[in-house]
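Every number in the numbering used here is 7 more than the matching position in the sequence shown, counting from 1. Let me begin by presenting the structure, written as structure tokens, before commenting on it.
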Amino acid sequence: KQRYQRRVRGAEKAYRHTQVYYKLLCNIECTKLRLTKYDDEIYSQYQMSFPRTKIDVIDEDKLKSVGGKRRWRSFCQQWEHHLEDYSFGTLLRIDCKLGYSESNTTLVPRVQFLAIEIARNRQGLNLVHYGKKYENTTAQKVENEEEDKEDSSHSSPPGEGDPPAS
Numbered sequence: 008k009q010r011y012q013r014r015v016r017g018a019e020k021a022y023r024h025t026q027v028y029y030k031l032l033c034n035i036e037c038t039k040l041r042l043t044k045y046d047d048e049i050y051s052q053y054q055m056s057f058p059r060t061k062i063d064v065i066d067e068d069k070l071k072s073v074g075g076k077r078r079w080r081s082f083c084q085q086w087e088h089h090l091e092d093y094s095f096g097t098l099l100r101i102d103c104k105l106g107y108s109e110s111n112t113t114l115v116p117r118v119q120f121l122a123i124e125i126a127r128n129r130q131g132l133n134l135v136h137y138g139k140k141y142e143n144t145t146a147q148k149v150e151n152e153e154e155d156k157e158d159s160s161h162s163s164p165p166g167e168g169d170p171p172a173s
């Protein structure tokens, strides 16, 4: 049961992360966006490690291949002592021109997400989202459903029993 609860909390955290990141892309010019204090180092190391990797549309087969996993594992482990949650599962958009959806995401370690998204931002590939009106209809629907449950049950005060904030 605890393992299941950890997975649920992890999935919720990954989902919240996607919402925050996409909102940033819609509201801040991506070429000026900094995701960590290590952006310059991550980008430099990424360019040296993956100089010819196509990042506008990710080739999942190459990314998840045995050779791809080995190269990325080596890259990611360099950041183990520098980035908190460096290996945390994070949703990466496959096609950077599109928003987050089930068909346009793949799960990757956090530092891999950072490397690819920093590169996309530096190269201006995420500019297509800048200025878009951000609408989080899925999250709003979930919040409304939760409010309805709370109003009907009155078994616990709002917010009680929620997972701790990270």
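The beta-carbon is built from N, C-alpha and C at its ideal position, and this holds for glycine as well. Owing to the predicted nature of the structure, the values given are computational and were not obtained by experimental measurement.
If we ignore side chains and look at the alpha-carbon of each, how far apart do Lys104 and Lys30 end up?
-> 14 Å
May I have the straight-line CA-CA distance separating Cys33 from Ser108, to the nearest angstrom?
-> 16 Å
Can the beta-carbon of Leu99 be found closer than 8 Å to that of Phe120?
-> yes
Can you give the Cα-Cα distance for Ser81 and Lys44, rounded to whole angstroms?
-> 21 Å
Chain B within 8 Å of Tyr137, Cβ atoms only = Absence of chain B from the displayed structure is noted, only one protein chain being present.
Identify, in the order they occur along the chain, each residue of the same chain with its Cβ nearer than 6 Å to the Cβ of Phe95, setting aside the five sequence neighbours on each side.
-> Arg117
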